[in-house]
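Numbering (this note's numbering), first residue to last: 122 to 255.
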């Protein structure tokens, strides 16, 4: 194995974090989409909200409780999105590792463990309650 500078190694593997961050972003915002968009027909019928009244606190609360899909379905969809992000990150690790220093297999284990750690942290953050909404 050839000696690589830290800068080349760091910049070469920086792309690994992109699919992990993007999949978390999509999975997190899926929660907002499912919880906060219960009345699509009224949105499509009046996209600018002309003549709309402000919602009461009870109306806001009810919109968060009446989700488009069940909570279990939401969790499964989020898990699939996070898993897809991990698979893409693993492919980036394999490609960049081979490209940077012809690494294969166990040599890439530290980067795979990093991606797994970030994925686990992302899953942990997704199961935390949104206390600012309560």
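Cβ coordinates follow ideal geometry from the N, Cα and C atoms, glycine included.
Exercise for review: Could you check what DSSP says for residue 190 in three-state terms: helix, strand or coil?
Suggested key: coil
Check your understanding: Who are the near neighbours of residue 216 in its chain, counting only those whose CB is closer than 6 Å to its CB and skipping five residues on each side?
Key -> none
Exercise for review: Look at the alpha carbon of residue 194 and the alpha carbon of residue 204, and state the distance between them as a whole number of angstroms.
Suggested key: 15 Å
Review point. Using the beta-carbon count (16 or more within 10 Å), is residue 148 buried or exposed?
Key: buried
Point to revise | Own chain partners of residue 224 with C-beta closer than 6 Å, once the 5 adjacent residues on each side are dropped | key: 218
**Study point:** Three or more C-beta pairs below 8 Å linking the segment 163-172 and the segment 245-254
**Key:** no
Practice item. Return helix, strand or coil for residue 239, following the three-state DSSP convention. Key: helix
**Study point:** Backbone CA spacing between residue 130 and residue 139 [nearest angstrom]
**Key:** 16 Å
Check your understanding: In its own chain, which residues sit with a C-beta less than 8 Å from the C-beta of residue 233, not counting the 5 before and 5 after it?
Key -> 211, 214
Check your understanding: Does the beta-carbon distance from residue 156 to residue 198 come in below 7 Å?
Key -> no
Point to revise | Beta-carbon separation (whole angstroms), residue 143 vs residue 206, contact threshold 8 Å | key: 7 Å
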